[in-house]
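Okay, so here's the structure we're looking at.
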Amino acid sequence: MDARLEAIKDTVLARNPGEAEFHQAVVEVFESLGPVHDRHPEFLEAAILERLCEPERQIIFRVPWTDDAGRVQINRGFRVEFNSALGPYKGGLRFHPSVYLGIVKFLGFEQIFKNALTGMPIGGGKGGSDFDPRGRSDAEVMRFCQSFMTELYRHIGEYTDVPAGDIGVGGREIGYLFGQYKRITNRYESGVLTGKGISWGGSLVRPEATGFGTVIFTQEMLKTRGASFDAQRVVVSGSGNVAINAIAKAQSLGAVVVACSDSSGYVVDESGIDVALLREVKEVQRGRLKDYAERRGGVTYVDGGSVWDVDATVALPCATQNELDGAAAARLVGNGLLAVGEGANMPSTRDAVAVFQEAGVLFGPGKAANAGGVATSALEMQQNASRDSWSFEHTEERLTEIMVGIHDRCAATAEEYGEPGNYVLGANIGGFVKVADAMLAQGLI
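Residues in the sequence shown are numbered from 1425 upward in steps of one, following my numbering.
The following block contains the structure:
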């Protein structure tokens, strides 16, 4: 790492102790930025990096609610409004027991660059709670969401901060959150949340966008090697919204997706994952992959273990951060891996990224490859602002244009800075320069 950036990095890590995921995200970005500061010393003079690593606002609050047995439960809520140089803060809410400030800050920091790469006028933020919706009744989830929004509402707005969904926050949760916001504020402010239901301000393609976008970005990478998804053997981690839609899109392009996973294990389906059945099991019945295997028949279900033990030519990690480590990466490379497209946020460890890059595997980092979700959220905001509703075909066309544009921007930036094919460097520099220019223009704030 450049010595100038090393000193800034050390200060940032010392100011944010115990936040391992945030540290990892910061270091990964800093390792790319030395050449930028050689060309733009004004960024160092204006302390752009120091300012970028310090959120504009961090909100932590108590969320009290009652379960179905009448017992009082207490969770902790977060919203980190990281950077608004390009527009209102934009980023999802994650409801999961692992959520703490370091997770939210890592996600918010990544979101700054991701949102910049889309070319849309949106800043970076993230939020969530250590609440676990799994196994909770609809009534319990509603009471929690209403309590959560009773605090959060005062910090958000269509021109201020626009949350969306993430792990544990889907259409059900967005509906309860929006209803409470509307009730408290007495305003039908459609643009305050994205991921809404289609009948009340949501956008077609938004549920599919992150998974679709990941596959579109990966397809563009494959094209640079004269390849495509056609006949590729694909392994996807996860079996939630992002994973399911990545599976669907990859198979529509001719791939065979042979495996996916959940927190209990993974399934190998050599004939290709049955997307309709997977949707029914996971989204309608809220079941497990073991249920999919029992209903599908003729497939292998592995309790525990790693889905990355299954050989593939394309890997799409779509579950959670740091799920794919160096040893798993080495196994995949040894089995003939061509490309990795990150559908989750930072799912590959630093060791894994190094293995992929040293082996010449095409590697699309999450801040670029999974930007389709937030890009379509921005399209939802655009439709809300104009009181309009677009067709599925038009919205998917716009998503495709944005993802191809992100790919081309990352590739061109990597080429410009002397490392063609390095999408990590291209994404980091491409996003950083856009935000840094805006921050310089707006003065010391």
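Where a beta carbon is used, it is the ideal one built from N, C-alpha and C, also for glycine.
Nothing here was measured: the structure is a model prediction, and the numbers come from that model.
Task: residue 1631, enclosing alpha helix (DSSP H) - first and last residue - done: Unbroken alpha helix (DSSP H) run through residue 1631: 1630–1647.
- [ ] Assign residue 1747 to one of three DSSP states: helix, strand, or coil.
- [x] Here residue 1747 sits in coil by DSSP.
Task: For residue 1465, three-class secondary structure by DSSP - done: Residue 1465: helix per DSSP, three-state reduction.
Task: Residue closest to residue 1763, alpha-carbon to alpha-carbon, out of 1706, 1846, 1721 and 1703 - done: When each option's Cα is compared against that of residue 1763, the closest is 1846.
Task: Contact the segment 1612–1629 vs the segment 1651–1663: 3+ CB pairs below 8 angstroms - done: With a cut-off of 8 angstroms on Cβ pairs, the segment 1612–1629 is not in contact with the segment 1651–1663, counting fewer than three such pairs.
Task: Range covered by the alpha helix (DSSP H) that runs through residue 1782 - done: Where residue 1782 is concerned, the enclosing alpha helix (DSSP H) starts and stops at 1774–1782.
Open item on the list: I need the boundaries of the alpha helix (DSSP H) containing residue 1555, first residue and last residue.
Closed with: For residue 1555, no alpha helix (DSSP H) run applies, since DSSP gives it neither H nor E.
Open item on the list: I'd like the span of the alpha helix (DSSP H) that includes residue 1593, first residue to last.
Closed with: Counting along the chain, residue 1593 falls outside any alpha helix (DSSP H), and DSSP gives it neither H nor E.
Task: Limits of the unbroken alpha helix (DSSP H) element including residue 1685 - done: Where residue 1685 is concerned, there is no enclosing alpha helix (DSSP H), although the beta strand (DSSP E) it sits in stretches over 1680–1686.
Open item on the list: Please return the same chain residues whose Cβ sits closer than 7 angstroms to the Cβ of residue 1670, not counting the five positions on each side in sequence.
Closed with: Excluding its 5 nearest sequence neighbours in each direction, residue 1670 has C-beta neighbours in its own chain below 7 angstroms: 1635, 1638, 1639, 1660, 1740, 1742 and 1767, listed in chain order.
Task: Whole-angstrom distance between residue 1510 and residue 1864, CA atom to CA atom - done: Taking the straight line from one Cα to the other gives about 12 angstroms.
Task: Buried versus exposed call for residue 1826 [16 or more other C-beta atoms within 10 Å across all chains shown] - done: The C-beta of residue 1826 has 16 or more other C-beta atoms within 10 Å across all chains shown, which makes the residue buried.
Task: Environment of residue 1708 [buried if 16+ CB atoms lie within 10 Å] - done: Exposed, because fewer than 16 other Cβ atoms sit within 10 Å of the Cβ of residue 1708.
Open item on the list: Relative to the C-alpha of residue 1555, which candidate in 1531, 1504, 1500 and 1607 has its C-alpha closest?
Closed with: When only C-alpha atoms are compared, the closest one is 1500.
Task: Nearest residue (CA-CA) to residue 1492, options 1566, 1603 and 1782 - done: Comparing Cα positions, the closest option is 1566.
Task: Three-state secondary structure assigned by DSSP to residue 1661 - done: It is a strand residue.
TODO: Flag this pair as yes or no: are the beta carbons of residue 1734 and residue 1689 separated by less than 8 angstroms?
DONE: In this structure, residue 1734 keeps its C-beta atom at 8 angstroms or more from the C-beta atom of residue 1689.
- [ ] Could you please give me the residues that DSSP links to residue 1504 through a beta bridge?
- [x] Looking at the DSSP assignment, residue 1504 forms a beta bridge with 1482 and 1550.
Open item on the list: Using the three-state DSSP reduction, which class does residue 1514 fall into: helix, strand or coil?
Closed with: Three-state DSSP puts residue 1514 in a strand.
- [ ] Mark residue 1866 as exposed unless 16 or more other C-beta atoms lie within 10 angstroms of its C-beta, in which case mark it buried.
- [x] It is exposed - the Cβ of residue 1866 has fewer than 16 other Cβ atoms within 10 Å.
- [ ] Mind checking which residues open and close the beta strand (DSSP E) that includes residue 1739?
- [x] DSSP places residue 1739 inside the beta strand (DSSP E), whose first and last residues are 1738–1741.
- [ ] Over the uninterrupted beta strand (DSSP E) stretch that includes residue 1786, give me the two end residues.
- [x] Note, residue 1786: beta strand (DSSP E), 1786–1788.
Task: Element boundaries [alpha helix (DSSP H), containing residue 1800] - done: In this chain, the alpha helix (DSSP H) harbouring residue 1800 covers 1796–1809.
Task: Residue nearest to residue 1835 in terms of C-alpha spacing, selected from 1519, 1787 and 1817 - done: It is 1787 whose Cα lies nearest to the Cα of residue 1835.
Open item on the list: On the criterion of 16 or more Cβ atoms from any shown chain inside 10 Å, does residue 1496 qualify as buried, or is it exposed?
Closed with: The residue in question, residue 1496, is exposed, as its Cβ has fewer than 16 Cβ neighbours within 10 Å.
Task: Cβ neighbours of residue 1830 in the same chain (closer than 7 angstroms, five flanking residues each side left out) - done: Closer than 7 angstroms at the Cβ level, and outside the excluded window around residue 1830, lie 1541, 1542, 1641, 1792 and 1795.
- [ ] Output yes or no for whether 8 angstroms exceeds the beta carbon distance between residue 1838 and residue 1849.
- [x] Taking a C-beta distance under 8 angstroms as the contact criterion, residue 1838 and residue 1849 qualify as a contact pair.
Open item on the list: Considering only their Cβ atoms, is the gap separating residue 1518 from residue 1591 smaller than 8 angstroms?
Closed with: The answer is yes: Cβ separation under 8 angstroms.
TODO: Have a look at 1478, 1575, 1426 and 1512 and flag the residue whose alpha-carbon is nearest the alpha-carbon of residue 1530.
DONE: Between residue 1530 and the set 1478, 1575, 1426 and 1512, the nearest pair of CA atoms involves 1478.
TODO: Within the same chain, show all residues whose beta-carbon is closer than 6 angstroms to that of residue 1460, passing over the 5 residues directly before and after it, in chain order.
DONE: Excluding residues within five positions, the ones whose Cβ falls inside 6 angstroms are 1853.
Task: First and last residue of the uninterrupted alpha helix (DSSP H) at residue 1438 - done: For residue 1438, the enclosing alpha helix (DSSP H) covers residues 1427–1439.
TODO: Please check the pair residue 1548 and residue 1506, which I expect to be a contact at CB under 8 angstroms, by giving their CB distance rounded to whole angstroms.
DONE: Contact flag correct, Cβ pair sits at about 5 angstroms.
Task: Span of the alpha helix (DSSP H), counted from its first residue to its last, around residue 1700 - done: Judged by DSSP secondary structure, residue 1700 falls within the alpha helix (DSSP H) whose first and last residues are 1699–1703.
- [ ] With DSSP as the reference, please indicate the residues paired to residue 1690 in a beta bridge.
- [x] For residue 1690, which the question treats as bridged, DSSP gives the partners 1685 and 1726.
TODO: Starting from residue 1489, follow its DSSP beta bridges and name the residues at the other end.
DONE: Residue 1489 is bridged by DSSP to 1497.
- [ ] Identify, in the order they occur along the chain, each residue of the same chain with its Cβ nearer than 6 angstroms to the Cβ of residue 1694, setting aside the five sequence neighbours on each side.
- [x] Sequence-distant partners of residue 1694 (beyond 5 residues in either direction) whose C-beta falls short of 6 angstroms from its own C-beta, in its chain, are 1682.
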